[in-house]
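Q: My structure is below; once you've seen it, I'll send some questions.
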Amino acid sequence: MGLVKWNRYGDALAAWVAEHDFGAPPAVYSRLQELVNGGAFGYHYEFERVLDSFARWSEVRHKWTPNPELGINTVNVIQGIWACVEAFTEAEDGVLFSTPIYPPFFNIGPTTNRRPVEWSMSHDEDGWHYDFEKLENLLESDSGIRLMVLCHPHNPTGKVLTEEELSLLVDIAHRHNLIIVSDEIHGDLVHPRATHIPMLTIPGADDCTVTVTSGIKTFAFGGIRCAVAQTGSRKIFEQLSTVPSALLGGPNRMGAEAAITAWDTGETWVDQMKNTLDSNRHLLFDRLNKELPAIKMHLPQSTFVAWLDLSNYEPGERPATWMRGLTGVAGQNGLNFGSEGSGHLRLTFGTSPEVLNQMIDQMVEGLPAL
Ligand SMILES: Cc1ncc(COP(=O)(O)O)c(C=O)c1O
């Protein structure tokens with residue numbers, strides 16, 4: 001049905017974009033069908049209900065009770081991030097983000113005349129980590145950094161920040177006069193033995209944080225657009241509100257109602273999907289360890305992407321392109337996520353176990369023996 005995920009690379013098995021294949025809960029399809037049948041294409045006022053449903057979902061799923069009166073509707077998450085850059089920084093200010101990172105973050109600097117500052121993550125046999133000493137050094141050497149865009153949980157490594165790490169970030173933000181924009185779009189998809197702690201539940205975060213998020217990763221409806229920028233204090237809300245609402249637009253009726261229905265009714269469905277994702281991550285991890293040990297993978301703590309190190313194969317600058325040619329499995333090239341992605345590719349495992357097994361079979365068959 002015109003899905004870019006499955007059409008972009010012809011017959012290749014699609015694992016390049018962060019979108020799962022489970023669709024949305026049945027209630028979402030029913031509600032959208034009702035709206036289409038009823039011709040509900042006119043102007044609408046569903047914005048407030050989006051913020052109410054988001055607050056209810058956050059309370060039930062994450063023990064966080066955002067105040068809908070301190071939330072702002074946006075069309076998508078990226079728009080919310082750009083709105084924060086506009087509201088809280090000025091030309092030439094530094095905007096910091098950890099790398100490797102979701103590629104659009106690299107566009108913040110060039111499109112807004114702000115200075116991108118990369119906080120490179122460190123890497124050892126246990127996985128990828130935030131290096132707080134490095135962060136302090138960056139902030140001390142550059143007093144013009146005003147905003148940190150955090151990807152929490154982290155795309156592409158799946159790293160989930162702990163309560164201690166989040167508290168440290170709030171403390172650092174206060175000491176360095178920073179606003180934290182916490183992109184929590186993957187927050188619903190945290191696996192057993194890790195917990196998603198919303199940044200705005202951390203003491204002291206209220207007066208330095210905007211959380212941007214949406215249901216689109218959880219419910220796979222990225223094409224119909226609906227997101228939220230949530231603040232925790234009147235002061236931050238008012239400063240964010242200096243961005244004219246005409247520039248933010250707001251979600252269309254279908255996006256708004258899809259999000260409302262998903263958040264109001266989707267709990268059991270999400271629990272079931274998370275079970276599949278959890279078993280998929282183990283399936284991928286176990287089979288790669290056993291059958292393709294030259295590929296290095298850490299078990300991701302969250303979401304449905306695996307950050308695979310293929311350096312042992314010396315695959316060149318475009319490991320995903322190289323692997324697609326040999327195996328018919330389409331991942332995404334690691335360098336799209338920053339220089340730390342050299343030798344890496346990101347592989348989406350948000351699919352059925354059958355398709356995932358097929359991908360791994362094709363990798364086992366097509367990759368050279370080492
Ligand atoms: C961390 C992160 N933020 C934002 C987005 C995109 O959200 P939107 O389409 O609502 O801008 C994605 C999509 O993969 C993502 O991984």
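For the sequence shown, the numbering used here begins at 1 and goes up steadily by one. From the three backbone atoms N, C-alpha and C, an ideal C-beta is built for every residue, glycine too.
Find the nearest neighbour of R253 within the set F97, G223, S311, P68, judged by alpha-carbon distance.
A: Of F97, G223, S311, P68, the residue nearest in Cα terms is G223.
Q: Which residues mark the beginning and the end of the beta strand (DSSP E) in which I72 is found?
A: Start and end: 71-74.
Q: Could you spell out where the beta strand (DSSP E) holding E118 opens and where it closes?
A: Start and end: 115-120.
Q: D183: buried (16+ other C-beta within 10 angstroms of its C-beta) or exposed?
A: Label assigned to D183: buried.
Q: Roughly how many angstroms lie between the CA atoms of E92 and V190, to the nearest whole one?
A: For E92 and V190, the distance between alpha carbons rounds to 36 Å.
Q: Would you mind working out which of Y102, F237, S233 sits nearest I185, comparing C-alpha positions?
A: It is Y102.
Q: Going straight from the alpha carbon of L168 to that of F47, what length do you get?
A: Between L168 and F47, the C-alpha separation is close to 34 Å.
Q: Using three-state DSSP, classify N155 as helix, strand or coil.
A: The answer is coil: DSSP assigns N155 none of H, G, I, E or B.
Q: To the nearest angstrom, how far is the alpha carbon of G71 from that of D207?
A: Spanning the two alpha carbons is a distance of roughly 14 Å.
Q: Let me confirm a value: G316 is counted as buried when at least 16 other C-beta atoms fall within 10 Å, else exposed. Which label applies?
A: By the 10 Å Cβ count, G316 comes out exposed.
Q: For L284, is the classification buried or exposed, using 16 other Cβ atoms within 10 angstroms of its Cβ as the cut-off for buried?
A: L284 is buried by the Cβ-count criterion.
Q: So, S214 versus V36, is the Cβ gap smaller than 7 Å?
A: Taking 7 Å as the Cβ cut-off, S214 and V36 do not qualify as a contacting pair.
Q: Please work out which residues of its chain come closer than 8 Å, Cβ to Cβ, to R56, disregarding the five sequence neighbours upstream and downstream, and give them in chain order.
A: Closer than 8 Å at Cβ, skipping near neighbours: W263, D264.
Q: Give the list of continuous alpha helix (DSSP H) stretches no shorter than 4 residues that lie fully inside the stretch 247-316.
A: Here the runs fully enclosed are 253-265, 267-291.
Q: Are there any heavy atoms of ligand 1 lying less than 6 Å away from the beta-carbon of C151, as far as the coordinates show?
A: Flag set: Cβ of C151 near ligand 1.
Q: Going by beta carbon distance, what residues of the same chain come within less than 7 Å of L166, once the five residues before and after it are set aside?
A: The answer, listed in chain order, is I197, M199, I202.
Q: Does the separation of the CB atoms of G144 and G109 fall below 7 Å?
A: Not a contact, by the Cβ cut-off of 7 Å.
Q: Taking one C-beta from the stretch 155-164 and one from the stretch 294-307 each time, how about it: are there three or more such pairs within less than 8 Å?
A: Yes: at least three Cβ pairs fall under 8 Å.
Q: Hey, K290 and D309: beta-carbon distance below 7 Å or not?
A: No. Outside cutoff.
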